[in-house]
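Chains as they are written, first to last, in the working numbering: chain Y, 3 to 194; chain V, 3 to 194. What follows is a set of notes on a single structure, which appears directly below.
2 protein chains.
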Amino acid sequence: MSRESQNTRTRILTAALKLLETGEKTRMTDIARAAGISRQALYLHFETRADLLIAVTRHVDELNNSDDLLAASRAATTGVARLDAYIEAWGGYIPIVYKVAKPIMAMAETDEAARAAWNERMAAMRHGCAAAVDALARDGRLRSEFDAETATDILWAQLSVPTWVALTEGRGWSQADYIARQKLIAKRLLVA
Amino acid sequence: MSRESQNTRTRILTAALKLLETGEKTRMTDIARAAGISRQALYLHFETRADLLIAVTRHVDELNNSDDLLAASRAATTGVARLDAYIEAWGGYIPIVYKVAKPIMAMAETDEAARAAWNERMAAMRHGCAAAVDALARDGRLRSEFDAETATDILWAQLSVPTWVALTEGRGWSQADYIARQKLIAKRLLVA
DNA sequence: TTTGTAAATTGACAATGTGTCAAGTAAGTA
DNA sequence: TACTTACTTGACACATTGTCAATTTACAAA
Numbered sequence: 003m004s005r006e007s008q009n010t011r012t013r014i015l016t017a018a019l020k021l022l023e024t025g026e027k028t029r030m031t032d033i034a035r036a037a038g039i040s041r042q043a044l045y046l047h048f049e050t051r052a053d054l055l056i057a058v059t060r061h062v063d064e065l066n067n068s069d070d071l072l073a074a075s076r077a078a079t080t081g082v083a084r085l086d087a088y089i090e091a092w093g094g095y096i097p098i099v100y101k102v103a104k105p106i107m108a109m110a111e112t113d114e115a116a117r118a119a120w121n122e123r124m125a126a127m128r129h130g131c132a133a134a135v136d137a138l139a140r141d142g143r144l145r146s147e148f149d150a151e152t153a154t155d156i157l158w159a160q161l162s163v164p165t166w167v168a169l170t171e172g173r174g175w176s177q178a179d180y181i182a183r184q185k186l187i188a189k190r191l192l193v194a
Numbered sequence: 003m004s005r006e007s008q009n010t011r012t013r014i015l016t017a018a019l020k021l022l023e024t025g026e027k028t029r030m031t032d033i034a035r036a037a038g039i040s041r042q043a044l045y046l047h048f049e050t051r052a053d054l055l056i057a058v059t060r061h062v063d064e065l066n067n068s069d070d071l072l073a074a075s076r077a078a079t080t081g082v083a084r085l086d087a088y089i090e091a092w093g094g095y096i097p098i099v100y101k102v103a104k105p106i107m108a109m110a111e112t113d114e115a116a117r118a119a120w121n122e123r124m125a126a127m128r129h130g131c132a133a134a135v136d137a138l139a140r141d142g143r144l145r146s147e148f149d150a151e152t153a154t155d156i157l158w159a160q161l162s163v164p165t166w167v168a169l170t171e172g173r174g175w176s177q178a179d180y181i182a183r184q185k186l187i188a189k190r191l192l193v194a
C-alpha cells in the first residue's frame, strides 16, 4: 500500500465514523460518497462492509488511546479502587464506541467476521472485569457468595453494552447516573 | 375470516414456530413451504414478516398461558417471596420466547412495528419488576440506596433478555444456575 | 345445476443493498 | 515509452421482501 492509498483508507475511515456518529445512513454507497470516492473503490480497501466497520472501531480505539484509558485502572492499589476505576473507564468508553459498535452488533447476527470481532471485544472487556475481581480477591474483599469466575460473569453482564443501552437510551439514565449507579451496584454485589 | 382461513392462519403460526424453534432459516419462503402453502398466500394472512413474527410470539404466549405463569407471582404474600416468584416465572419464560423474540429483536433495528411490539413486551416485563419492588417497599424491606424507580430499572435491566443471552449462551450458565443466581443478585441489590 | 364468492395458486416484477467483473483513465515511475 | 497503481464507470448477479394480475379450486346459495 502506497502513501496515497493509506490516505484514502484513512479518509474512508474518517468519513464512515462521521456518518455513524451523526446517525445517518451508512450503506456502502453513503460511505463512498462521504469519502469522495466511488462505491467500488471501497472494495479496493476493505473486503466487505463488516471489515470496514471493524476497521472503524479500531480507528476509534486509536483516536481515543483506548489502551491507555483502560490501563489506567491497573494503577489502582486496592481492589475496590480498581473496580471503581474500571467501571469509570469502560463505562465512559461505551458511548464513544457505541455508535460504531451498533451496526457491528446488528451484523453479528448473520456475519461471521462481525460476530468474531464483537466477541473478541467482549472477551477483552471481560478480562478487565476478571482483573478487578481478582484484585478484590487478593484483598480478601471478594464476597464469598460467588466464586471468582461467576463474579466475573456477573460484572461482565452488568457492564455489557446492551445493559448500558437499556438504562441510558431505554430508561433515560444520564451518563453520570449510569457510572455512579454501576459503581454502587458492583460494590454491593461483589465487595464483602 | 372463515373457519378455513382460521385454520390456515394457525397452520402458518405453528409451522413458523416450529422452524424458529429448530433454528432453521425462517424466510417467508421457508415458512410458506413448512405451512404447505404458497409464499404469496402468507400475505393474505399477515401484512408483513414483522406482523407474522409478532403473531407467533402471541401464539406462544397463548400456548403457554403466559398470563397465568406471570400472575402466579402476584399470589406471593411477602415482597421477597414475590421477587423470587417473579424471577422464577419470567426467567423461566425467557428460553420459551427467546427463539421467536430473537428475529424480532433483530428486526427492531429497522422495522417500526417490530420495535413497537418488542418495547411493549419489555414495558410489560418492567411492570412485573415494579410490582416486586413496590411489594418490597410495602414490607419496608427495599434498600434505601435507590428510589423505587431506579431499583425497578436495575432489576429490569438485570432480567433483560440480552443479559440472559450473555450469561447462558455466552458464558454457559445453565438455566438452573441462571435462576438461582439472579435471585441472589436481586436480593443482594434490592432487599434491606 | 348454475352462479357467486373466498382462499389460494402461479408467475412476473419492483425495490434494496452487497458484492463482483471488465474495461478504461490518470498519474507517477523506471 | 512502457509499466504500474489507484481509481472510475457501468453493468450485473444474488437474496429477500413485498406487490400485482390473472387464474383455479371448492364450497355455498339460489
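Backbone N, C-alpha and C define an ideal beta-carbon position, used for all residues, glycine too.
Identity of the residue in Y:F148, Y:T112, Y:H129 and Y:I56 nearest W158 of chain Y by Cα = The residue you call residue 158 of chain Y lines up with position 156 of the first sequence. Comparing Cα-Cα distances from W158 of chain Y to each of Y:F148, Y:T112, Y:H129 and Y:I56, the minimum goes to Y:H129.
Could you give the distance in angstroms between the alpha-carbon of A83 of chain V and the alpha-carbon of I14 of chain Y?
-> In the second sequence, the residue the question calls residue 83 of chain V occupies position 81. In the first sequence, the residue the question calls residue 14 of chain Y occupies position 12. A straight line joining the alpha-carbon of A83 of chain V with that of I14 of chain Y spans about 56 Å.
Can you name, in chain order, every residue of its own chain whose Cβ lies under 6 Å from the Cβ of L44 of chain Y, other than the five neighbours on each side?
-> Stepping through the first sequence from its first residue, residue 44 of chain Y is reached at position 42. Within the same chain, L44 of chain Y has close Cβ partners M30 and A34.
Near I181 of chain Y, what residues of its chain come up, given a Cβ to Cβ distance below 8 Å and the 5 sequence neighbours on each side ignored?
-> Here residue 181 of chain Y corresponds to residue number 179 of the first sequence, with the count starting at 1. Beyond the five residues adjoining it in sequence on each side, I181 of chain Y comes within less than 8 Å, by CB distance, of I89, E90, G93 and G94 in the same chain, given in chain order.
So which residues of chain V does I187 of chain Y contact, with C-beta pairs closer than 8 Å?
-> By one-based count along the first sequence, residue 187 of chain Y stands at place 185. Within 8 Å Cβ-Cβ: I156 and L191.
For the alpha helix (DSSP H) holding R35 of chain Y, just list the boundary residues, first then last.
-> Position 33 of the first sequence holds residue 35 of chain Y. Where R35 of chain Y is concerned, the enclosing alpha helix (DSSP H) stretches over M30 to A37.
When DSSP builds the beta bridges, which residues end up paired with Q144 of chain V?
-> What you label residue 144 of chain V is simply residue 142 of the second sequence in a count that begins at 1. Here the sequence assigns Leu to residue 144 of chain V, which means Gln is not the residue at that position. In the DSSP output, where bridge partners are listed per residue, L144 of chain V has V:V193.
Own chain residues within Cβ distance below 7 Å of M3 of chain V, not counting five before or after | Your numbering for residue 3 of chain V matches position 1 in the second sequence. Low confidence applies to M3 of chain V: its pLDDT is 39, below 50, so where it sits in the model is not reliable, and the reading given next is rough at best. Around M3 of chain V, the same chain offers no residue with a beta carbon nearer than 7 Å, after the five sequence neighbours per side are excluded.
Cβ of L55 of chain V within 7 Å of Cβ of I106 of chain V?
-> Position 53 of the second sequence, counted from the first residue, corresponds to residue 55 of chain V. Position 104 of the second sequence, counted from the first residue, corresponds to residue 106 of chain V. Between L55 of chain V and I106 of chain V, the C-beta spacing is below 7 Å.
Mind checking G174 of chain Y: buried by the 16 CB within 10 Å criterion, or exposed?
-> Along the first sequence, read from residue 1 onward, the residue named residue 174 of chain Y stands at position 172. With fewer than 16 Cβ atoms within 10 Å of its Cβ, G174 of chain Y is classed as exposed.
With DSSP as the reference, label W175 of chain V as helix, strand or coil.
-> Position 173 of the second sequence, counted from the first residue, corresponds to residue 175 of chain V. Correct three-state label for W175 of chain V: coil.
Same chain, Cβ closer than 7 Å to S68 of chain Y, neighbours up to 5 away in sequence not counted | Indexing the first sequence from 1 puts residue 68 of chain Y at position 66. The residues are Y95.
DSSP state of A78 of chain V, grouped into three classes?
-> For this step, residue 78 of chain V is matched to residue 76 along the second sequence. Correct three-state label for A78 of chain V: coil.
Grab the span of the alpha helix (DSSP H) containing L157 of chain Y for me, first residue to last.
-> For the purposes of this step, residue 157 of chain Y is taken as the residue at position 155 of the first sequence. Its alpha helix (DSSP H) spans residues A150 to Q160.
Could you list which residues in chain Y have their beta carbon closer than 8 Å to that of R183 of chain V, in chain order?
-> By 1-based counting over the second sequence, the position of residue 183 of chain V is 181. Here the neighbours are F148, T152 and I156.
C-alpha distance - R140 of chain Y paired with A194 of chain Y, whole-angstrom precision = Mapped onto the first sequence, residue 140 of chain Y falls at position 138. Mapped onto the first sequence, residue 194 of chain Y falls at position 192. Roughly 12 Å between the two C-alpha positions.
Name the chain V residues whose beta carbon is nearer than 9 Å to that of P164 of chain Y?
-> One-based indexing of the first sequence puts residue 164 of chain Y at position 162. In chain order: A159, S162, V163, P164, T165, V167 and A168.
Below 7 Å between beta carbons is the criterion; list the residues of the segment 105-134 of chain V that meet it against any residue of chain Y, in chain order.
-> If the cut-off is 7 Å between Cβ atoms, the segment 105-134 of chain V has A108 and E111 near chain Y.
Assuming V167 of chain V contacts V102 of chain V under a Cβ cut-off of 8 Å, what Cβ separation, rounded to an integer in Å, is found between them?
-> Counting from 1 along the second sequence, the entry for residue 167 of chain V is found at position 165. Counting from 1 along the second sequence, the entry for residue 102 of chain V is found at position 100. Between V102 of chain V and V167 of chain V the Cβ distance is about 14 Å, and since that is not below 8 Å, they are no contact.
R173 of chain V versus chain Y: which residues are under 7 Å apart at the beta carbon?
-> Residue numbering aside, residue 173 of chain V sits at position 171 when the second sequence is read from its first letter. Those within 7 Å of R173 of chain V in chain Y are D155.
Quick one: Cα of R5 of chain Y to Cα of G25 of chain V, how far?
-> Taking the first sequence and counting its residues from 1, the one referred to as residue 5 of chain Y is at position 3. Taking the second sequence and counting its residues from 1, the one referred to as residue 25 of chain V is at position 23. Low confidence applies to R5 of chain Y: its pLDDT is 48, below 50, so where it sits in the model is not reliable enough to give any reading.
Burial state of L65 of chain V (16 or more Cβ within 10 Å) | Working through the second sequence from its first residue, we reach residue 65 of chain V at position 63. Per the 10 Å Cβ criterion, exposed.
Taking just the CA atoms, how far does K185 of chain Y sit from I156 of chain V?
-> The residue you call residue 156 of chain V lines up with position 154 of the second sequence. The residue you call residue 185 of chain Y lines up with position 183 of the first sequence. C-alpha separation (whole angstroms): 13 Å.
What's the call for R183 of chain Y, buried or exposed, on a 16-neighbour Cβ count within 10 Å?
-> Counting from 1 along the first sequence, the entry for residue 183 of chain Y is found at position 181. By the 10 Å Cβ count, R183 of chain Y comes out buried.
Minimum length 4: unbroken alpha helix (DSSP H) runs contained in the segment 49-119 of chain V | Whole alpha helix (DSSP H) segments, 4+ residues: 51-65, 68-73 and 81-110.
Cβ-based neighbour list, A178 of chain Y, same chain, cut-off 8 Å, excluding 5 preceding and 5 following | As a working mapping, residue 178 of chain Y is identified with position 176 in the first sequence. Nothing listed; no residue qualifies.
Please name the residue in V:K189, V:A150, V:N121 and V:D136 whose C-alpha comes closest to that of V163 of chain V.
-> Within the second sequence, the letter at position 161 stands for residue 163 of chain V. For V163 of chain V, the nearest C-alpha among the options comes from V:N121.
From this set, Y:N9, Y:D70 and Y:V62, which residue's C-alpha is nearest L19 of chain Y's C-alpha?
-> Here the question's residue 19 of chain Y lines up with position 17 in the first sequence. For L19 of chain Y, the nearest C-alpha among the options comes from Y:V62.
L169 of chain Y classed as buried or exposed, judged by whether at least 16 other C-beta atoms fall within 10 angstroms | For the purposes of this step, residue 169 of chain Y is taken as residue 167 along the first sequence, with counting starting at 1. By the neighbour-count rule (16 or more Cβ atoms within 10 Å), L169 of chain Y is buried.
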